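Student:
In the numbering used here, the protein residues as written are 4 to 304.
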């Protein structure tokens, strides 16, 4: 079998030490599964390993050790060698680079935090994860204990505990995630959140206008009571009070305007909500009157 030959290969992805493996890939495509194919595949992976390591180095200093990234890149390279088909006419480098970088990015997606975590905690987590992986081959029926990990790594037990906690909590939970594992009931974390309570706005409006209502003249309080507590029309109010419907309308408008001015005066210098701006006084008074007794209203009724 001919050895793998090295020569510069000019492609869209420049690699100065790219080996000349075209003949080896062509031969690999003809070999059936077996020892000969596995040996040639391993030699091709070894020949292209420097390229995989360079791709891994581009992702250093992102919370993962370079050694772990190189292992992930090597896994991507193995997949690229196994899937490459020289008959399609595409050089190996343009095919392999996306496969390897995709494997690295998938590793970051599945094994790194969605939010910023102190570097020390990341390092503790990486050490603990490596120790758990090493000890899992010797510990039966259960994972290694904090004491075993501390003895294996030489780390204080407090650091091991912090690393274990980080190991199980470095990913955020989607609000769409189901609360019951394996359940199709459609009940997600988002369903446990409360919704805005409309009555809160009512309380604010009521407390804002309550002092203002007490200062209204008796007739204006009476008109407001009949309009909003007894739900009477303006013409019905006019008949009960012996005044015209137009007069009732003017009394209501004067009441709204007076309440609005007083509320704005008391809150001057404070940013007002939409319900307190000019033009919204009617809504504020209506809301407040439906939920607070008009002083003197019940007696007047």
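For each residue, glycine too, the CB sits at the ideal point set by N, CA and C. Please read these numbers as outputs of a predicted model, since none were measured by experiment.
For residue 77, which residues in the same chain have their Cβ closer than 6 angstroms to its Cβ, ignoring the five residues on either side in sequence?
Tutor: As a working mapping, residue 77 is identified with position 74 in the chain shown. The answer, listed in chain order, is 55.
Student: When the Cα atoms are used, what is the spatial distance from residue 227 to residue 195?
Tutor: If you number the chain shown from 1, residue 227 lands on position 224. If you number the chain shown from 1, residue 195 lands on position 192. Computed Cα separation, rounded: 41 angstroms.
Student: What's the gap between the Cα of residue 304 and the Cα of residue 257?
Tutor: Mapped onto the chain shown, residue 304 falls at position 301. Mapped onto the chain shown, residue 257 falls at position 254. Here residue 304 scores only 36 on pLDDT, less than 50, and its place in the model is too uncertain to base an answer on.
Student: Run through the DSSP bridge pairs and tell me what residue 181 is partnered with.
Tutor: By 1-based counting over the chain shown, the position of residue 181 is 178. Its beta-bridge partners are 191.
Student: Please identify the residue among 243, 135, 269 and 111 whose C-alpha is closest to the C-alpha of residue 63.
Tutor: As a working note, residue 63 is residue 60 in the chain shown. The residue with the shortest Cα to Cα distance from residue 63 is 111.
Student: So is residue 259 buried or exposed if we call it buried at 16+ other beta carbons inside 10 Å?
Tutor: Residue mapping note: residue 259 aligns to position 256 of the chain shown, counting from 1. Looking at its Cβ environment, which holds 16 or more other Cβ atoms inside 10 Å, residue 259 is buried.
Student: Rounded to the nearest angstrom, what separates residue 208 and residue 263 at their Cα positions?
Tutor: Indexing the chain shown from 1 puts residue 208 at position 205. Indexing the chain shown from 1 puts residue 263 at position 260. Each residue's Cα considered, the two are about 11 angstroms apart.
Student: Residue 90 and residue 32 look like a contact to me (Cβ under 8 angstroms); what is the Cβ gap, rounded to whole Å?
Tutor: Within the chain shown, residue 90 is the residue found at index 87, counting from 1. Within the chain shown, residue 32 is the residue found at index 29, counting from 1. Confirmed, about 7 angstroms.
Student: Identify, in the order they occur along the chain, each residue of the same chain with its Cβ nearer than 7 angstroms to the Cβ of residue 132, setting aside the five sequence neighbours on each side.
Tutor: Here the question's residue 132 lines up with position 129 in the chain shown. If we look at residue 132 and ignore the five residues flanking it on each side, its Cβ neighbours are 170.
Student: Ordered along the chain, which non-local residues of its own chain (more than five positions away) have a Cβ less than 6 angstroms from that of residue 247?
Tutor: Working through the chain shown from its first residue, we reach residue 247 at position 244. Here the set comprises 241.
Student: Between 232, 233, 222 and 265, which has its C-alpha nearest residue 245's C-alpha?
Tutor: Walking along the chain shown from the start, residue 245 turns up at place 242. Nearest C-alpha to residue 245: 222.
Student: Tell me the rounded alpha-carbon separation between residue 138 and residue 42.
Tutor: Here residue 138 corresponds to residue number 135 of the chain shown, with the count starting at 1. Here residue 42 corresponds to residue number 39 of the chain shown, with the count starting at 1. C-alpha separation (whole angstroms): 31 angstroms.
Student: What's the call for residue 231, buried or exposed, on a 16-neighbour Cβ count within 10 Å?
Tutor: For the purposes of this step, residue 231 is taken as the residue at position 228 of the chain shown. Answer is buried; the Cβ neighbour count reaches 16.
Student: Is residue 196 helix, strand or coil by DSSP?
Tutor: Sequence index remark: in the chain shown, residue 196 carries index 193 (1-based). Note: residue 196 maps to coil in three-state DSSP.
Student: What do you get for residue 192, buried or exposed, if any count of 16 or more other CB atoms within 10 angstroms of its CB means buried?
Tutor: Within the chain shown, residue 192 is the residue found at index 189, counting from 1. With fewer than 16 other Cβ atoms within 10 Å, it is exposed.
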